[in-house]
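S.K.: The sequence shown maps to residues 1 to 108 in the UniProt record's numbering.
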Amino acid sequence: MRKSKGKFFIPVFVLRDKFKGKFLYHLNALYQSGILKVPFSLSEQEAYFCWNTFKDSLYQKDWCPYIKETFNGFGNAIEYLGRYTHKVAISNSRIISVTEIQKSEAYF
1 MRKSKGKFFI
11 PVFVLRDKFK
21 GKFLYHLNAL
31 YQSGILKVPF
41 SLSEQEAYFC
51 WNTFKDSLYQ
61 KDWCPYIKET
71 FNGFGNAIEY
81 LGRYTHKVAI
91 SNSRIISVTE
101 IQKSEAYF
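1. Using CA coordinates, which residue listed in Ile-101, Ala-106, Gly-82 and Glu-79 is at the minimum distance from Ser-91?
2. Taking the alpha-carbon positions, what's the Ser-33 to Leu-27 distance?
3. Can you grab the Cα-Cα spacing for the pair Tyr-59 / Asp-17, in whole Å?
4. Do you know whose CA, among Ile-95, Asp-62, Tyr-25 and Glu-46, lies nearest Val-12's CA?
5. Give the range of the alpha helix (DSSP H) segment to which Lys-22 is assigned.
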């Protein structure tokens, strides 16, 4: 393992590449399983091609995560993350409709 500069646990470029790989892998898995629906009004074959083109473009981009040191050490990071892990992911005001097989929500 490479030593990071400063007081960071892991070098930023390692974390960046790992996050990018995991995020895109799971995003693609959601698409392949049919859970993630992309609003393509095309045939299934054309939509699949568009998805792969889009996905490949994300892999080609340089990702720039913003990582900074916590103010009061590791314990503060755990407390900070704890405030966000127990929140509702989607507020009721964003939900447009819900059926047994589909949910629609507003992005903005």
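For every residue, glycine included, the Cβ atom is placed at its ideal position computed from N, Cα and C.
M.R.: The answer reads as follows:
1. Taking the first residue of the sequence shown as position 1, residue 91 is located at position 91. Considering only alpha carbons, the answer is Ala-106.
2. Within the sequence shown, residue 33 is the residue found at index 33, counting from 1. Within the sequence shown, residue 27 is the residue found at index 27, counting from 1. So the alpha carbons of these two residues sit roughly 10 Å apart.
3. Mapped onto the sequence shown, residue 59 falls at position 59. Mapped onto the sequence shown, residue 17 falls at position 17. Distance between the alpha carbons of Tyr-59 and Asp-17 is about 10 Å.
4. Counting from one through the sequence shown, the residue named residue 12 turns up at place 12. Cα-wise, what sits closest to Val-12 is Asp-62.
5. Against the sequence shown, residue 22 aligns to sequence position 22. Its alpha helix (DSSP H) spans residues 12-33.
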